[in-house]
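Trainee: In the working numbering, the protein residues as written are 3 to 100.
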Amino acid sequence: MLPSTIRAIICGPSNCGKTNVLFTIVKVQRTNPATYLLEDYREKSVAGAFYEHELHRATHPDVYLVEKVLRRKGDKMYAKWLGFDGSHNSWIHKNNVI
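1) Nearest-angstrom Cα distance between Ile94 and Tyr38?
2) Assuming Ile23 contacts Gly85 under a Cβ cut-off of 8 Å, what Cβ separation, rounded to an integer in Å, is found between them?
3) Does the distance from the C-beta atom of Tyr80 to that of Asn98 stay below 8 Å?
4) Output the distance between the C-alpha atoms of Glu54 and Glu45, rounded to the nearest integer angstrom.
5) How is the beta strand (DSSP E) around Glu54 delimited, first residue to last?
6) Under 8 Å by Cβ, that's how I've got Leu67 and Lys82 pegged, so tell me the actual separation to the nearest angstrom.
7) Just to confirm, are Glu41 and Phe52 a CB contact at a threshold of 8 Å?
8) According to the Cβ coordinates, are Lys75 and Lys96 closer than 8 Å?
9) Determine the DSSP secondary structure at Lys96, reduced to helix, strand or coil.
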């Protein structure tokens, strides 16, 4: 599995759930089984290595999820994007939201 953009599964001691945060595979380590090193949208390394079964290929990497609408003004919304910090909040037209 060598997609450039994947979704990670975050597993804790009591549960395992998908996250909608996108990561990029930066290196495949030739271990047995193979493990993957990831980075986030800021090109910051994610701690640890991940097994293939912990990763899922992003089917729509160019679609972003709105975590919260912070303000509305006419036909526009000020959106907080899921998985991104506040510096990426932006105004979008309501017709661009599904």
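Backbone N, C-alpha and C define an ideal beta-carbon position, used for all residues, glycine too.
Mentor: On the basis of the supplied data:
1) Numbered from 1 along the sequence shown, position 92 holds the residue referred to as residue 94. Numbered from 1 along the sequence shown, position 36 holds the residue referred to as residue 38. Each residue's Cα considered, the two are about 34 Å apart.
2) Taking the sequence shown and counting its residues from 1, the one referred to as residue 23 is at position 21. Taking the sequence shown and counting its residues from 1, the one referred to as residue 85 is at position 83. Per the sequence shown, residue 23 should be read as Val rather than Ile. Confirmed, about 4 Å.
3) Here residue 80 refers to the residue found at position 78 when the sequence shown is read from its first residue. Here residue 98 refers to the residue found at position 96 when the sequence shown is read from its first residue. No, the pair does not count as a contact, with Cβ atoms beyond the cut-off.
4) Position 52 of the sequence shown, counting from 1, holds the residue named residue 54. Position 43 of the sequence shown, counting from 1, holds the residue named residue 45. Rounded to the nearest whole angstrom, the CA to CA distance from Glu54 to Glu45 is 20 Å.
5) Working through the sequence shown from its first residue, we reach residue 54 at position 52. Run containing Glu54: none; DSSP gives neither H nor E here.
6) Here residue 67 corresponds to residue number 65 of the sequence shown, with the count starting at 1. Here residue 82 corresponds to residue number 80 of the sequence shown, with the count starting at 1. Going by Cβ atoms, the distance from Leu67 to Lys82 rounds to 10 Å, so no, they are not a contact pair.
7) Along the sequence shown, one-based indexing puts residue 41 at 39. Along the sequence shown, one-based indexing puts residue 52 at 50. No.
8) Against the sequence shown, residue 75 aligns to sequence position 73. Against the sequence shown, residue 96 aligns to sequence position 94. No; because the gap between Cβ atoms is not below 8 Å, this pair is not in contact.
9) Walking along the sequence shown from the start, residue 96 turns up at place 94. Secondary structure of Lys96 (DSSP, three-state): helix.
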